[in-house]
Structures are given as C-alpha cells and as structure tokens.
Amino acid sequence: FPAVRPALGSDPAAVYDLKMPGVEDGVLGRILDYTRYFLAETGGAYPIRLTDIQGPLDNAALIMGHNSFLLAMRSHPEAVHHLLQMVTDQMIAFARAQRQAAQEQFVPSLFEPWLPDGWGISVSNDECVMISARDHDEFAVPYLNQLSDAFGGIYIHSCGNWLHQIASLEKVRNLRGLEFGASETPFAPVLDHFGGRVVLACRVGLHREVRFAGMADFVRQLLAARKTNRGLFIHVDITNGLVDESWPETDLDEIYRLLEGD
C-alpha cells in the first residue's frame with residue numbers, strides 16, 4: 023500500500039512492470055462500496071464528496087518513493103512520464119466510477135463541497151513544492167490538463183510554499199481554484215496575482231513558526247491583502263491549521279464585524 027511504503031524499489035525501470043488496477047480492485051473497490059452504502063443508507067439525502075485521490079505527482083511519488091521519484095526525473099524522465107500517465111488514466115477512471123456510484127449526490131471535490139459536478143475536479147499537488155517551475159511544466163502541467171479536460175476544470179490544493187509555481191500554474195487549463203495555507207505560502211502575492219480570477223480558498227496553515235495572533239488576526243490580514251472579494255473563500259477553523267492555543271472564542275464576534283463592515 024503506497025501510503026505506507028513505496029511499491030517499487032530503487033530501479034525506475036520497474037514502472038514498466040506495473041499493471042493498471044481495476045477501479046473495483048483493493049482499496050478502490052472498498053471506496054466505491056462505501057459510496058454506494060452511504061447513498062443507500064441516506065436515501066440520497068446528502069452529498070458525497072470525491073475521495074482523496076491526491077494528484078499525478080503525489081501518487082507517482084508515493085509509488086516510487088519520494089527520493090527515487092525526484093532522482094528519476096533527472097535520470098529516467100521517460101519512466102517518470104510513463105508512470106504519470108498510468109496514474110492520470112487511473113485517476114480519471116476511478117473518479118468517473120465514484121461519480122457513477124454516487125449518482126446525483128456526487129461532489130467532485132474533497133476540499134470544497136460547493137464545487138458543482140461538471141465544473142472541475144479537485145486534486146492535491148503537494149509534491150510541487152519540491153520541484154522547479156520548469157520541472158512542473160514538464161512533469162505536472164500536462165497531466166493536470168488531462169484531468170481538467172476530462173472533468174471540465176481543475177481545483178488544486180497544495181501544502182507548503184508553492185509561490186515559485188505561479189507562472190507554471192498559469193499554464194493549467196480551466197484552473198478553477200487554489201486551496202492553500204496562509205502560513206505556508208505567502209498569501210499576499212497569491213491574492214494579488216490570482217485574486218478575482220479563480221477561487222482562492224485560504225486556511226490558517228500548518229507552519230510551526232509562522233503564526234497568526236488568533237483567527238481574527240488571520241482574517242484581518244487576508245482582508246487587508248486582497249484586492250477583491252470575488253472568489254475569496256476564508257476558512258475560519260483550526261482543523262487544518264495552527265494558531266496560538268490562547269486565541270479567544272470572542273474572535274468570532276470580531277470576525278463577524280470585520281466581514282459585515284467590509
């Protein structure tokens with residue numbers, strides 16, 4: 023199971039021995055079983071989100087192992103492209119299978135429940151923080167574009183600092199939105215470059231040294247940096263972020279005032 027240990031050894035050529043699993047095989051089949059079960063038990067009363075399919079770069083790195091994957095981009099780029107194409111084909115096939123299983127209740131996003139089916143698919147692109155923009159152009163953009171073409175757009179999450187990928191992300195077709203942590207990627211340049219053009223869903227983030235003085239301070243700084251409200255989505259929660267443990271609940275009252283007065 024790649025989430026626990028790499029499926030391949032140190033030889034990049036081993037990717038040519040991989041067999042494409044079916045959408046009902048292993049964990050994939052279990053996810054589809056859960057999807058059908060939830061749909062039946064709720065009578066279709068609740069939306070069912072896309073499972074965490076990660077993204078082409080992330081999945082390939084999990085299969086090869088991060089070090090082996092990054093080295094192979096230099097030593098065996100053709101093998102890396104072979105694996106990335108397999109991963110992308112499988113992602114498209116499985117997302118379509120889950121859409122069919124969830125029927126009208128399918129939401130094509132793990133991150134944001136408001137993304138309408140037909141307007142894109144959400145993926146994770148965390149591995150991009152460890153490669154150059156030139157490598158992202160070669161090893162990420164073509165496969166992100168295939169996913170975007172297959173689902174009518176794409177919505178990209180990435181942890182870490184991906185600011186150096188802005189120019190490369192401009193080459194992604196039908197980019198619908200970006201999800202990121204404000205303490206991880208400097209948010210002001212992102213808001214300045216993409217503000218009003220795509221959805222920018224910003225959370226506190228998980229940086230241990232870059233902290234906000236509470237949620238109100240986080241919201242205040244975002245509002246001060248943005249050039250438009252269009253497409254700005256602010257996550258006011260700590261489920262995927264670090265703030266000072268002493269931040270007061272009265273921050274919520276201040277946040278309401280900030281938003282009402284904006």
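So the mapping is simple: this note's numbering equals the position in the sequence shown, first residue as 1, plus 22.
By construction, the Cβ of each residue, glycine as well, lies at the ideal position given by its N, Cα and C atoms.
Three-state secondary structure (DSSP) at residue i?
| i | result |
| --- | --- |
| VAL221 | strand |
| LEU281 | helix |
| GLU201 | strand |
| GLY227 | strand |
| LEU30 | coil |
| ARG248 | coil |
| VAL194 | coil |
| TYR38 | helix |
| HIS186 | helix |
| PHE116 | helix |
| ARG71 | strand |
| HIS179 | strand |
| PHE255 | strand |
| ARG233 | coil |
| HIS98 | coil |
| THR110 | helix |
| PRO78 | helix |
| PRO211 | helix |
| GLU206 | coil |
| GLY66 | coil |
| GLU46 | coil |
| ASP275 | helix |
| GLY51 | helix |
May I have the straight-line CA-CA distance separating residue i from residue j, to the nearest angstrom?
| i | j | result |
| --- | --- | --- |
| ILE277 | GLY44 | 48 Å |
| MET237 | LEU254 | 16 Å |
| LEU132 | ILE75 | 9 Å |
| ARG279 | ASP259 | 17 Å |
| LEU61 | ALA223 | 28 Å |
| LEU166 | HIS158 | 10 Å |
| LEU106 | THR64 | 36 Å |
| ASN147 | PHE173 | 17 Å |
| VAL151 | GLN187 | 8 Å |
| ARG210 | CYS181 | Per the sequence shown, the amino acid found at residue 210 is Ala instead of Arg. About 16 Å. |
| GLN120 | GLY140 | 14 Å |
| LEU54 | LYS41 | 20 Å |
| LEU281 | LEU137 | 23 Å |
| GLN127 | ASP33 | 42 Å |
| ALA155 | LEU79 | 13 Å |
| ALA36 | GLY48 | 21 Å |
| LYS193 | PHE216 | 13 Å |
| PRO99 | HIS88 | 15 Å |
| THR272 | ASP39 | 58 Å |
| ASP111 | HIS229 | 34 Å |
Compare the beta carbon distance of residue i and residue j with 7 Å and say whether it is the shorter of the two.
| i | j | result |
| --- | --- | --- |
| LEU274 | ILE256 | no |
| ASN183 | GLU160 | no |
| LEU213 | ARG242 | no |
| LEU30 | MET86 | yes |
| GLY72 | PRO135 | Gly is not the amino acid found at residue 72; the sequence shown has Leu there. Contact flag unset, no. |
| ARG58 | ALA101 | no |
| VAL109 | ALA82 | yes |
| ASN196 | GLY175 | yes |
| GLU201 | HIS179 | yes |
| PHE240 | VAL226 | yes |
| LEU191 | PRO208 | no |
| LEU50 | PHE116 | yes |
| GLY77 | VAL163 | no |
If residue i and residue j are in contact, beta carbons under 8 Å, what's the gap, nearest whole angstrom?
| i | j | result |
| --- | --- | --- |
| SER170 | GLY142 | 7 Å |
| GLY203 | TYR177 | About 16 Å separates the two Cβ atoms, so there is no contact after all. |
Heavy atom of the ligand MN less than 6 Å from the Cβ of residue i, yes or no?
| i | result |
| --- | --- |
| ILE143 | Questions concerning the ligand MN fall outside what the structure shown contains, since it holds no ligand whatsoever. |
Item to check | Continuous beta strand (DSSP E) assignments of at least 3 residues falling wholly in the stretch 128-168 | outcome: 143-146
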